[in-house]
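**Student:**
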């Protein structure tokens, strides 16, 4: 059953890899102008390598191909022509500043004859950072850390980030006008809202500065004075729908969580499971979602069903302890506790980018896998699951068991994929 769970997860990841989803969407090269390729996010390396090969191999003059690509550390890919660098994620670093600065420079130099091709994926918010006003990198890092610790959904985090940036919330498109601009994006957000992917640098922003202020108040965030000043200034508002900057822009989503959950669904059916698809956009506290999923799994087990419960989305963890982990590992630990060693159930929860929660290092686990033996084996090693959960130490629980899911960087990102398999 473990192998089946992994095969279903791998099918979800494969569906979102740029090698399959990007080439059909690459536009014709401009007839007279330049092609300016800008890429940011966890898939930026693979997307850039594929795109530049497409144009160079078709005879496009290399002197007319410009650009810059940035991915989180460990997610870079070898490119032939476009410079590729690494930057921090989820907390930005100097590489994030330098990359955003270069992207804005290239976009600002574009003319009406040029095509600006923007390749976006999850992680772009941290990889392109251009602090507005007097905000420093250290202060921007402090804002990101506060947002990450708050338990706020990614969409709400991005509403705040946009007001503190010179590139997010449509401002890259503002810089590129009057050039034609096409964005090809791999979605990592519930609902696939373009304004939320990498904080929407190329699309009009329908959210408001009042919403950003409300989010800060709701989570009781203590922000640096420079950030507070920006949120208090109406001039920090982002360009709205209908702005002239978006007259020659287009945005296409080329892979989304729903596509990957559909691929997982097909893989589960091929393995003979009755699929219960809970959707691609689940949100909520990881341990609370796990408790609900355990109830469903136990119910199906009592009914004698051979079933697969699938779900996507991005869960959150409110940090209460000092342990190591991420939403997928915490979900798996809470699920193991709730299932109570019920036989005939295996579950896998993993982040499709290969790193649970997006923090830490690229070598960190993607998630974890559990079965009916998990709690007994843990007891034999002197591990206490409830204590580990209370300390947010899911990595500390699963690592000694050898039950961490390790994929390495997948070079894509369509949020999480959770698989629960039930045998009668």
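Residue numbers (my numbering): 4 to 427. By construction, the Cβ of each residue, glycine as well, lies at the ideal position given by its N, Cα and C atoms. Remember, it's a predicted structure, so these values are computed and weren't measured experimentally.
Strictly by DSSP, which residues pair up with residue 99?
**Tutor:** Paired residue(s): none; residue 99 is not in a bridge.
**Student:** Taking residue 53 and residue 72 to be in contact with their CB atoms under 8 Å, please state how far apart those CB atoms are, rounded to whole angstroms.
**Tutor:** The Cβ separation is near 11 Å, so there is no contact.
**Student:** Which residues mark the beginning and the end of the alpha helix (DSSP H) in which residue 74 is found?
**Tutor:** Not the alpha helix (DSSP H): residue 74 falls in the beta strand (DSSP E), residues 68 to 75.
**Student:** Any beta-carbon of chain D closer than 9 Å to the one on residue 385?
**Tutor:** Considering every chain present, this structure includes no chain D. It has just one protein chain.
**Student:** Could you tell me the distance, in whole angstroms, from the CA atom of residue 283 to the CA atom of residue 191?
**Tutor:** So the two alpha carbons sit approximately 10 Å from each other.
**Student:** Which term fits residue 317, buried or exposed, when burial requires 16 or more other beta carbons within 10 angstroms of its beta carbon?
**Tutor:** buried
**Student:** So the candidates are 257, 285, 355; which of them puts its Cα closest to the Cα of residue 1?
**Tutor:** As shown, the chain starts at 4 and ends at 427. That puts residue 1 outside it, with no answer to give.
**Student:** If you follow the alpha helix (DSSP H) that residue 177 is in, where does it begin and where does it stop?
**Tutor:** 174 to 179
**Student:** What would DSSP say about residue 231, mapped onto helix, strand or coil?
**Tutor:** helix
**Student:** Quick check: what's the CA-CA separation for residue 132 versus residue 344?
**Tutor:** 46 Å
**Student:** Would you kindly check if the distance between the Cβ of residue 4 and the Cβ of residue 301 is under 9 Å?
**Tutor:** no
**Student:** Would a C-beta distance cut-off of 9 Å place residue 196 and residue 154 closer than the cut-off?
**Tutor:** no
**Student:** Quick check: what's the CA-CA separation for residue 232 versus residue 395?
**Tutor:** 34 Å
**Student:** I'd like to know whether the C-beta atoms of residue 408 and residue 12 end up nearer to each other than 9 Å.
**Tutor:** yes
**Student:** Compute the beta-carbon to beta-carbon distance between residue 372 and residue 335, rounded to the nearest angstrom, for a pair I have assumed lies under 8 Å.
**Tutor:** 7 Å
**Student:** If contact is defined by three or more beta carbon pairs under 8 Å, each pair taking one atom from either stretch, is the stretch 321 to 337 in contact with the stretch 274 to 283?
**Tutor:** Judged by Cβ distances under 8 Å, the stretch 274 to 283 makes no contact with the stretch 321 to 337, as fewer than three pairs qualify.
**Student:** Could you tell me which of 176, 391, 178, 59 sits nearest to residue 324, measuring between CA atoms?
**Tutor:** 391
**Student:** Would you check if the distance between the CB atom of residue 163 and the CB atom of residue 215 is smaller than 9 Å?
**Tutor:** yes
**Student:** Could you have a look at residue 63 and say whether DSSP puts it in helix, strand or coil?
**Tutor:** coil
**Student:** Using C-beta distances below 6 Å, list every residue in its chain close to residue 187, excluding the 5 sequence neighbours before and after it, in chain order.
**Tutor:** 28, 122, 255, 257
**Student:** With which residues is residue 183 paired in a DSSP beta bridge?
**Tutor:** 118
**Student:** Tell me which same chain residues have a C-beta within less than 7 Å of the C-beta of residue 337, skipping the five on either side of it?
**Tutor:** So the list reads 289, 290, 293, 294, 392, once near-sequence residues are dropped.
**Student:** Near residue 347, what residues of its chain come up, given a Cβ to Cβ distance below 8 Å and the 5 sequence neighbours on each side ignored?
**Tutor:** Same-chain partners within the cutoff: 304, 375, 425, 426, 427.
**Student:** Given 8 Å as the limit, tell me if residue 293 has its C-beta closer than that to any heavy atom belonging to the ligand FAD.
**Tutor:** In terms of ligand content, the structure shown is empty, and the ligand FAD therefore cannot be addressed.
**Student:** What is the DSSP secondary structure of residue 252, counted as helix, strand or coil?
**Tutor:** strand
**Student:** Helix, strand or coil: how does DSSP classify residue 344 here?
**Tutor:** coil
**Student:** Using three-state DSSP, classify residue 51 as helix, strand or coil.
**Tutor:** helix
**Student:** Ignore the nearest five residues each way along the sequence and tell me which others in residue 160's own chain have a CB closer than 6 Å to its CB.
**Tutor:** 150
**Student:** Does the beta-carbon of residue 236 have 16 or more other beta-carbons within 10 angstroms, so that it is buried, or is it exposed?
**Tutor:** The residue is exposed, with fewer than 16 neighbouring Cβ atoms inside 10 Å.
**Student:** At 4 residues or longer, and completely inside the stretch 242 to 329: list those alpha helix (DSSP H) runs for me, N to C.
**Tutor:** 260 to 273, 289 to 305
**Student:** Grab me the residues of residue 240's own chain with a C-beta within less than 6 Å of its C-beta, minus the 5 sequence neighbours each way, in chain order.
**Tutor:** 212
**Student:** Quick one: which unbroken beta strand (DSSP E) runs of 3-plus residues sit fully inside the stretch 345 to 415? Chain order, please.
**Tutor:** 348 to 354, 370 to 373
**Student:** If the criterion is Cβ atoms closer than 9 Å, does the pair residue 315 and residue 420 meet it?
**Tutor:** yes
**Student:** If we require 4 or more residues per run, which alpha helix (DSSP H) segments fall completely within the stretch 187 to 223?
**Tutor:** Taken in chain order, the whole alpha helix (DSSP H) runs of length 4 or more contained in the stretch 187 to 223 are 212 to 221.
**Student:** What are the boundary residues of the beta strand (DSSP E) that includes residue 424?
**Tutor:** DSSP places residue 424 inside the beta strand (DSSP E), whose first and last residues are 419 to 425.
**Student:** Can you look up residue 88 in the DSSP assignment and give me helix, strand or coil?
**Tutor:** strand
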